[in-house]
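Colleague:
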Amino acid sequence: MFIKGNTELNALVLEQLKLQSGEHVLEIGFGPGVLLNKMAEAISVGEVTGHVTGLDFSETMFQVASERNQVWILEERMTLRLGSSDAMPFEDKSFDKVATSNTLYFWQPPQAHLQEIYRVLKPAGLLVLGFRDKKQMDEMQLDRWVFNAHSQKAVKKILKSAGFENVEIICQPAVPFDSYVALAIKPSY
């Protein structure tokens, strides 16, 4: 389910990351590690290789992603960590880019998670946040105590209130649900 249901969204996140060889990238909530794998491929072209770090709170997903990405981990091009995105075990300004998909719904409230993302991003760093629109989430009839859905307008407002600039939402039509990513930049000052 995590792989098939998120294929289009993960593809859009990867496309919008515009990864370059040598970058240091963080994925929050990596699930089974499919996007991590594609990210590692993208930043490991040529002589200058980057590094992919993954953070997830699920021990099960940690194990699945570790097996899927064993080669990258053994080559020391990827590190996976257990933990929560509202208290990340990383130094300030550690990453060029941060990606996360389908996590925003669980961040109740999202401010602490976004403050941590802001902290670990380098100046002018990019956040690519993949999500489903509130209207789509409501159609899925998910448990509202677990899934806190947000409209596109609300996502923009949340990101701006966390200090991000140049916030934009991109939509990729798909079946059964459209995919959305919010792009947000940490100011360079």
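This note's numbering numbers the first residue of the sequence shown as 169 and each following residue consecutively. The beta carbon of each residue, even a glycine, is placed where N, CA and C say it ideally should be. Just so it is clear, the structure is predicted and the values come from calculations on it, not from any experiment.
In terms of alpha-carbon separation, which member of 180, 337, 336, 212 lies closest to residue 190?
Modeller: The shortest C-alpha separation from residue 190 is found at 212.
Colleague: Looking at C-beta atoms only, is the number of pairs between the region 281-293 and the region 250-269 that lie closer than 8 Å three or more?
Modeller: Enough Cβ pairs lie closer than 8 Å, so yes.
Colleague: Tell me where the beta strand (DSSP E) around residue 340 begins and ends.
Modeller: Residue 340 -> beta strand (DSSP E) spans 333-340.
Colleague: Under the three-state reduction of DSSP, which class applies to residue 294: helix, strand or coil?
Modeller: Residue state, collapsed to three classes: strand.
Colleague: Taking residue 224 as the reference, which of 321, 236, 252 has the closest Cα?
Modeller: The residue with the shortest Cα to Cα distance from residue 224 is 252.
Colleague: Could you spell out where the alpha helix (DSSP H) holding residue 286 opens and where it closes?
Modeller: Here the alpha helix (DSSP H) through residue 286 covers 279-288.
Colleague: Residue 342 and residue 176 - do their beta-carbons sit closer together than 8 Å?
Modeller: Yes, Cβ-Cβ distance for residue 176 and residue 342 is below 8 Å.
Colleague: DSSP state of residue 300, grouped into three classes?
Modeller: Three-state DSSP puts residue 300 in coil, outside helix and strand.
Colleague: Find the nearest neighbour of residue 202 within the set 272, 243, 277, 181, judged by alpha-carbon distance.
Modeller: Of the candidates 272, 243, 277, 181, the one whose C-alpha sits nearest the C-alpha of residue 202 is 181.
Colleague: Would you give the residue range spanned by the beta strand (DSSP E) that residue 265 belongs to?
Modeller: Segment 263-269, the beta strand (DSSP E) holding residue 265.
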